[in-house]
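Chemist: Chains as they are written, first to last, in this note's numbering: chain A, 355 to 800; chain B, 57 to 534.
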């Protein structure tokens with residue numbers, strides 16, 4: 355956050371003042387044309403809504419976005435439970451090949467060059483994908499929250515895994531807006547260099563009431579690289595989280611993106627995953643559990659911008675009480691992306707009497723040499739299945755619990771980071787236990 | 057140049073010489089001379105006066121015009137679709153003759169000529185129950201079999217309906233598609249002309265499909281047909297509407313409103329095969345209500361038109377209601393088939409199913425746009441959606457935009473599945489290895505793909521449809 359803007363409100367700012375302040379902050383040579391380009395959009399765009407099919411369903415009526423003081427959320431990185439990478443510049447407590455730096459504060463020498471390389475690569479790939487994609491009527495890419503975060507996020511974080519290095523132990527990043535009543539934008543850039551493997555757990559957390567957090571993750575997975583990322587969200591019931599992520603995957607690159615979200619007054623995950631090179635692969639797994647009057651929405655777009663690409667998206671949602679969820683998933687296969695396969699599944703388990711679930715799975719295909727499908731279901735626990743378990747002597751409540759647990763387990767079992775890393779598994783299982791009362795950690799069950 | 061070659065060239069030139077006369081479908085359009093373009097309260101008053109309508113109808117039209125003028129274009133489609141509509145340049149009413157013809161012998165020659173090419177006389181000779189043929193904007197030929205009349209079945213063009221059963225229509229018009237539902241429904245409500253009014257009395261089962269042929273014939277003529285079909289308690293009816301239109305250079309504009317009412321225990325099926333010429337904009341609002349234990353089925357085939365936007369809907373209002381939509385879309389060069397279906401479950405114990413098949417070829421674009429909504433309180437609901445798309449080449453497009461909105465959990469099961477792909481090389485290879493030509497093999501696969509639709513059609517329609525598909529696919533190999 356630019357110091358002079360701290361605690362200001364959006365309705366107190368005008369474009370000229372903002373640009374002047376950003377220019378002043380440019381003294382560190384963190385020249386950001388993009389950032390300035392977002393200023394006007396952040397001020398002028400209305401709150402997201404129609405004609406965007408996902409955002410128009412998000413409850414934003416009493417958000418009072420313009421009247422909230424702007425703050426910088428706390429960004430903290432940990433490895434094996436120890437705080438790393440902050441304060442001491444890159445390298446503090448980190449293994450060789452993995453670097454974490456504050457932008458622009460800690461950009462110096464090689465870190466500056468690395469960040470510059472990342473930005474150039476990201477812009478190039480983003481422009482390539484933009485040219486490949488035809489705009490559609492309800493294909494809304496401009497978003498006030500996104501522009502706001504891009505323009506006003508202060509110290510962003512740059513995480514990089516050097517070529518040919520493998521980082522199996524996940525780097526734990528927590529994003530925490532600590533000021534009640536505020537809005538906190540944050541940007542995280544991730545560069546997975548050639549043939550390297552990076553594991554990251556991003557945790558959106560906070561018990562403070564009435565916060566708005568707007569994190570943006572921008573990532574490039576270079577040739578042969580692999581990014582394994584898990585996002586978990588658990589914030590107070592009257593807070594908002596509007597997270598955006600863009601992952602550009604190059605030739606032979608791989609993305610394993612998992613998410614475990616619990617909902618809030620409004621939690622939205624908007625993701626754009628673009629397969630930019632031959633044999634690029636993306637597996638997206640989402641588990642959403644919402645209760646009370648919580649809202650959780652996912653707007654996920656999978657773009658197959660090269661031949662022989664593969665994607666599989668599975669999102670499972672459990673709705674209790676009067677919760678509301680929206681899943682909007684799109685697979686795009688433009689002309690020329692032959693031999694691509696894209697699959698998308700959305701399963702909803704309705705357990706509350708006043709739940710409301712929306713599912714909008716979309717396909718936009720302009721290539722015939724492809725395999726593409728989507729499926730969506732919305733059901734409650736199936737009476738026949740409950741009856742079967744009861745006929746084996748289980749009380750009804752226990753039978754229901756087993757079936758609901760099985761619904762969760764099926765998707766958890768597919769999440770690579772949750773299965774391979776014991777600490778992550780415990781972390782997720784604890785959160786799920788607190789939220790649902792179900793014991794889902796296989797190691798704890800034995 | 058050799059004499060032989062010159063002769064061949066001459067013959068080639070000769071082939072197309074009579075094309076306009078033989079296949080151009082032009083007929084004399086003198087009657088347009090007195091018609092005005094554009095829409096205004098004055099024109100609306102004039103239309104209403106010519107038709108000698110009751111006061112309430114004129115008010116309905118004028119109110120609708122106000123709504124139309126204040127409504128923006130839909131935002132969920134690319135604006136380019138609507139940009140090409142010049143409302144000021146369209147004829148909103150054209151009358152082909154002053155008189156309605158009950159007997160084929162009395163129909164003027166040039167109109168007969170048009171029907172000849174459409175195959176109406178053949179169909180008439182066969183087993184049509186009644187033909188309501190729409191020429192330009194008015195029904196000029198109307199025939200209803202005597203036994204149907206005896207049963208109390210009303211099958212009229214909409215204008216006669218207003219004259220003879222105005223009070224009945226007044227109860228139903230705009231109930232399912234209110235004037236302000238969308239811009240095009242508002243325009244239709246303001247300047248509708250033609251269409252059918254069908255009423256089937258309680259317990260009456262009409263065994264033979266009721267058929268109506270629609271046709272637009274003059275440049276820039278707007279067709280605004282309005283159809284209401286009521287199947288009273290325990291009644292059963294199948295209504296078929298087919299369209300065809302000649303090719304003109306300027307964009308023709310077609311926006312209809314169709315409202316179906318299925319009362320308790322009724323069965324109502326509405327079949328459309330539209331094959332407008334590829335300059336027509338076809339924007340139709342089709343909606344049905346299904347009461348207790350009744351069934352409504354939309355069979356929807358979209359082959360022609362430049363742009364089609366059509367989403368037949370069923371509101372399942374009472375327990376036991378069933379809704380079903382089977383549709384196919386065929387998007388060829390320059391065409392956009394934006395079709396789909398909507399099912400609104402407003403009561404418990406209701407079921408619905410949607411099967412949508414689309415084929416895109418030569419750069420055509422077909423989309424499925426649908427909605428499944430389960431309201432609070434609508435428990436014990438079963439619904440399934442299946443939409444499959446076939447891309448016959450690598451530059452055609454297919455989109456799927458379904459929306460599922462569920463607000464009830466008790467024994468609710470919603471399934472949606474969609475696939476997109478091409479005809480697999482293995483399938484073609486298998487058929488070729490059995491001695492079938494590649495072209496025929498592809499046609500077999502495509503016909504198989506849309507079989508779920510064709511098997512629902514009366515035989516002569518199914519045959520015609522298969523022939524049409526074969527014609528569309530000509531030259532699609534190599």
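No residue lacks a Cβ here, since even glycine has one placed at the ideal position from N, Cα and C.
Just so you know, these numbers come straight off a predicted model, no measurement behind them.
Give me the Cα-Cα distance between residue 312 of chain B and residue 221 of chain B, rounded to the nearest whole angstrom.
Modeler: 21 Å
Chemist: Verify whether the separation of the beta carbon atoms of residue 347 of chain B and residue 377 of chain B is less than 8 Å.
Modeler: The Cβ atoms of residue 347 of chain B and residue 377 of chain B lie closer than 8 Å to each other.
Chemist: Measure the C-alpha to C-alpha separation of residue 597 of chain A and residue 477 of chain B and round it to an integer number of angstroms.
Modeler: 33 Å
Chemist: What first and last residue would you give for the beta strand (DSSP E) that runs through residue 326 of chain B?
Modeler: 323-331 is the extent of the beta strand (DSSP E) around residue 326 of chain B.
Chemist: Expressed to the nearest angstrom, what Euclidean distance is found between the alpha-carbon atoms of residue 325 of chain B and residue 332 of chain B?
Modeler: For residue 325 of chain B and residue 332 of chain B, the distance between alpha carbons rounds to 22 Å.
Chemist: How many Å lie between residue 683 of chain A and residue 260 of chain B at the Cα?
Modeler: 47 Å
Chemist: Check whether chain A comes within 8 Å of residue 497 of chain B, counting only Cβ atoms and requiring the distance to be less than that.
Modeler: Any Cβ of chain A closer than 8 Å to the Cβ of residue 497 of chain B would place that residue at the interface, and such an atom is absent.
Chemist: What are the boundary residues of the beta strand (DSSP E) that residue 636 of chain A is part of?
Modeler: Counting along the chain, the beta strand (DSSP E) containing residue 636 of chain A begins and ends at 635-644.
Chemist: Going along the chain, which unbroken runs of the alpha helix (DSSP H) with 4 or more residues stay wholly within the segment 235-273 of chain B?
Modeler: The qualifying runs are 239-247.
Chemist: What residues in its chain sit with their C-beta under 6 Å from that of residue 403 of chain A, if we drop five residues either side in the sequence?
Modeler: 409 and 410
Chemist: What residue from B:373, B:469, B:294 and B:317 has the CA that sits closest to residue 401 of chain B's CA?
Modeler: B:373
Chemist: Who are residue 719 of chain A's beta bridge partners in DSSP?
Modeler: A:687 and B:454
Chemist: Is the segment 444-462 of chain B close to the segment 509-523 of chain B, with three or more CB pairs under 8 Å?
Modeler: no
Chemist: Enumerate in chain order the residues of its own chain whose CB-to-CB distance from residue 763 of chain A is below 7 Å, with the five nearest sequence positions on each side excluded.
Modeler: The beta carbon of residue 763 of chain A sits closer than 7 Å to the beta carbons of 794 from its chain, once the five residues preceding and following it are set aside; these are given in chain order.
Chemist: Any idea what DSSP makes of residue 231 of chain B, helix, strand or coil?
Modeler: coil
Chemist: Using the three-state DSSP reduction, which class does residue 141 of chain B fall into: helix, strand or coil?
Modeler: coil
Chemist: Return the Cβ separation of residue 734 of chain A and residue 465 of chain B in integer angstroms, given the expectation that the two are a contact with Cβ distance under 8 Å.
Modeler: 4 Å
Chemist: Distance cutoff 8 Å, beta carbons only. Does residue 108 of chain B sit that close to anything in chain A?
Modeler: No, residue 108 of chain B does not count as interfacial toward chain A.
Chemist: Taking only beta-carbon positions, decide if residue 463 of chain B is within less than 8 Å of chain A.
Modeler: yes
Chemist: How far does the beta strand (DSSP E) with residue 664 of chain A in it extend, from its first residue to its last?
Modeler: 664-673
Chemist: Tell me which same chain residues have a C-beta within less than 6 Å of the C-beta of residue 411 of chain B, skipping the five on either side of it?
Modeler: 382, 442 and 508
Chemist: What is the residue span of the alpha helix (DSSP H) that residue 790 of chain A lies within?
Modeler: Per DSSP, residue 790 of chain A belongs to the alpha helix (DSSP H) from 776-790.
Chemist: Residue 125 of chain B by DSSP, collapsed to three states: which one?
Modeler: helix
Chemist: CB-CB under 7 Å to residue 776 of chain A, same chain, minus the five flanking residues each way: which ones, in chain order?
Modeler: none
Chemist: Should residue 411 of chain B be flagged as near chain A, meaning a C-beta pair shorter than 8 Å?
Modeler: no
Chemist: Rounded to a whole number of angstroms, what is the C-alpha to C-alpha distance between residue 754 of chain A and residue 572 of chain A?
Modeler: 40 Å
Chemist: Count the CB pairs spanning the segment 238-256 of chain B and the segment 279-291 of chain B that are closer than 8 Å, and state whether there are at least three.
Modeler: yes
Chemist: For residue 142 of chain B, count neighbouring C-beta atoms within 10 Å of its own C-beta (all shown protein chains included) and say buried if the count is 16 or more, exposed if not.
Modeler: exposed
Chemist: In chain order, what residues of the same chain have a beta carbon less than 6 Å from the beta carbon of residue 702 of chain A, not counting five sequence neighbours either side?
Modeler: Around residue 702 of chain A: 671, 711 and 732.
Chemist: Between residue 656 of chain A and chain B, is the shortest Cβ-Cβ distance under 8 Å, so that the two count as touching?
Modeler: False, the Cβ-Cβ gap to chain B never drops below 8 Å.
Chemist: DSSP state of residue 363 of chain A, grouped into three classes?
Modeler: strand
Chemist: By DSSP's criteria, residue 656 of chain A is part of a beta bridge. Which residues make up the other side?
Modeler: A:627 and A:685
Chemist: Can you name the residues of chain A whose CB is closer than 8 Å to the CB of residue 474 of chain B?
Modeler: 715, 717, 727, 728 and 729
Chemist: Looking at chain B, is there any beta carbon in it that lies within less than 8 Å of the beta carbon of residue 712 of chain A?
Modeler: For residue 712 of chain A, the nearest beta carbon of chain B is closer than 8 Å to its own beta carbon.
Chemist: Under the three-state reduction of DSSP, which class applies to residue 460 of chain B: helix, strand or coil?
Modeler: strand
Chemist: Taking Cβ-Cβ distances shorter than 8 Å, what residues in chain A pair up with residue 365 of chain B?
Modeler: By Cβ distance, chain A contributes nothing, its closest Cβ being about 12 Å from residue 365 of chain B, past 8 Å.
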